[in-house]
Amino acid sequence: MLRVDSRVPRNASGGKTQGGKNTLQVGAGKPRIVARGEWRLGEEAGDPWAGAKAGRWLGEKGGALVRAGVRAWRESGAKGAEGRAVGILGVGGGGEWPVWLEGASAREVVEQWRKRSPLWLLEVLPNLPAAQLAAEIGARGPVETVREREGVKEDVRRRIQRWGRRGVKWVVVVCSTSTGAQAEVWGWEAEK
Numbered sequence: 054m055l056r057v058d059s060r061v062p063r064n065a066s067g068g069k070t071q072g073g074k075n076t077l078q079v080g081a082g083k084p085r086i087v088a089r090g091e092w093r094l095g096e097e098a099g100d101p102w103a104g105a106k107a108g109r110w111l112g113e114k115g116g117a118l119v120r121a122g123v124r125a126w127r128e129s130g131a132k133g134a135e136g137r138a139v140g141i142l143g144v145g146g147g148g149e150w151p152v153w154l155e156g157a158s159a160r161e162v163v164e165q166w167r168k169r170s171p172l173w174l175l176e177v178l179p180n181l182p183a184a185q186l187a188a189e190i191g192a193r194g195p196v197e198t199v200r201e202r203e204g205v206k207e208d209v210r211r212r213i214q215r216w217g218r219r220g221v222k223w224v225v226v227v228c229s230t231s232t233g234a235q236a237e238v239w240g241w242e243a244e245k
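Each residue of the sequence shown is one higher than the one before, counting from 54 in our numbering.
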């Protein structure tokens with residue numbers, strides 16, 4: 054373990070506090086998948102997020118990401134983890150524009166805008182499902198979303214390892230699939 058003593062002025066920006074100590078988990082072991090969860094679009098049985106008000110503005114795919122993450126988190130056995138030790142990583146994030154906007158003229162968009170609540174804009178925010186998942190499971194660690202591209206799996210592994218060195222003990226990785234969403238909970242195994 055490497056101890057870092059950081060001294061920051063009392064009124065420093067960025068929410069830092071004075072004289073805090075931070076322990077970095079150098080050599081904390083290798084990350085491994087502890088639990089998996091999946092949610093298929095249209096699935097209703099065993100909804101871990103039933104009755105949630107946030108589901109109204111996340112849309113079907115965003116809701117699937119949250120449900121898969123909650124399901125995996127419950128199966129991981131890490132429920133009692135301290136919030137700052139839990140991070141969320143969304144893969145393939147990126148909202149979709151509503152169907153009613155496709156091919157619409159500017160005039161049609163304005164007319165529809167008056168009829169519809171502007172909450173549909175929230176559906177197109179790429180990090181919103183990951184942030185909602187963090188709120189649902191009490192994660193207060195890093196929350197990021199990366200776009201699906203070549204080499205994204207290696208990028209995800211590097212981020213998980215980097216977060217582990219910063220003290221994050223659990224990482225929930227959620228990604229969209231053609232049928233819904235999948236989630237993995239990563240934890241660290243002790244070095245032998």
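By construction, the Cβ of each residue, glycine as well, lies at the ideal position given by its N, Cα and C atoms.
Buried or exposed: G115, going by 16 or more other Cβ atoms within 10 Å of its Cβ? In the sequence shown, residue 115 corresponds to position 62, counting from 1. It counts as buried.
Report the three-state DSSP secondary structure of W241 (helix, strand or coil). The residue you call residue 241 lines up with position 188 of the sequence shown. Three-state DSSP puts W241 in a strand.
For a quick check, are the C-beta atoms of W216 and R85 less than 8 Å apart? Here residue 216 is taken as the residue at index 163 of the sequence shown, counted from 1. Here residue 85 is taken as the residue at index 32 of the sequence shown, counted from 1. Between W216 and R85, the C-beta spacing is not below 8 Å.
Classify G194 as buried or exposed, calling it buried when 16 or more other Cβ atoms lie within 10 Å of its own Cβ. Residue mapping note: residue 194 aligns to position 141 of the sequence shown, counting from 1. By the neighbour-count definition (other C-beta atoms within 10 Å, threshold 16), G194 is a buried residue.
Go through its chain and collect everything with a Cβ distance to A88's Cβ below 6 Å, but skip five positions before and after it. As a first step, residue 88 must be located in the sequence shown, where it is residue number 35. Cβ neighbours of A88 beyond the five flanking positions: A125, E128, S129, V238.
If you reduce the DSSP assignment to three classes, tell me which class K83 lands in. Position 30 of the sequence shown holds residue 83. Annotated three-state conformation of K83 is strand, per DSSP.
Decide if the segment 132-141 is in contact with the segment 179-196; the criterion is three or more beta carbon pairs, one per stretch, under 8 Å apart. Using a C-beta cut-off of 8 Å, the segment 132-141 makes contact with the segment 179-196, since at least three inter-stretch Cβ pairs fall below that distance.
Inter-residue Cα distance where the pair is W153 and W241: Translated into positions along the sequence shown, residue 153 becomes position 100. Translated into positions along the sequence shown, residue 241 becomes position 188. One C-alpha to the other measures close to 45 Å.
For V119, I'd like the list of residues in its chain whose CB is within less than 7 Å of its CB, leaving aside the five on either flank, ordered along the chain. Start at 1 with the first residue of the sequence shown, and residue 119 comes out as number 66. Answer for V119: W102, L111, P182, Q185, L186, E189, listed in chain order.
From E203, P151, P179, D100, pick the residue whose C-alpha is nearest to that of V123; which is it? Stepping through the sequence shown from its first residue, residue 123 is reached at position 70. Of the listed residues, the one whose Cα sits closest to V123 is D100.
Residue range of the beta strand (DSSP E) that includes E197: One-based indexing of the sequence shown puts residue 197 at position 144. Segment 196-199, the beta strand (DSSP E) holding E197.
Which one of R169, L174, W92 has the shortest CA to CA distance from G232? The sequence position of residue 232 within the sequence shown is 179, counting from 1. At residue 232 the sequence reads Thr, which differs from the Gly that was named. Answer by Cα proximity: W92.
Quick one: using the 10 Å Cβ neighbour count with 16 as the cut-off for buried, is V162 buried or exposed? Counting from one through the sequence shown, the residue named residue 162 turns up at place 109. It counts as exposed.
When DSSP builds the beta bridges, which residues end up paired with S229? By one-based count along the sequence shown, residue 229 stands at place 176. The partner list for S229 (beta bridge, DSSP) reads A234.
Identified DSSP bridge partners for I141: As a working mapping, residue 141 is identified with position 88 in the sequence shown. Looking at the DSSP assignment, I141 forms a beta bridge with V196, V225.
In terms of DSSP beta bridges, what is W92 paired with? Locating residue 92 in the sequence shown gives position 39, counting from the first residue. BP columns for W92 point to A234.
For a quick check, are the C-beta atoms of G236 and A121 less than 8 Å apart? Position 183 of the sequence shown, counted from the start, is the residue given in the question as residue 236. Position 68 of the sequence shown, counted from the start, is the residue given in the question as residue 121. With the sequence shown as reference, residue 236 is identified as Ala, and Gly is not the correct amino acid for it. For the pair A236 and A121, the CB atoms are nearer than the 8 Å cut-off.
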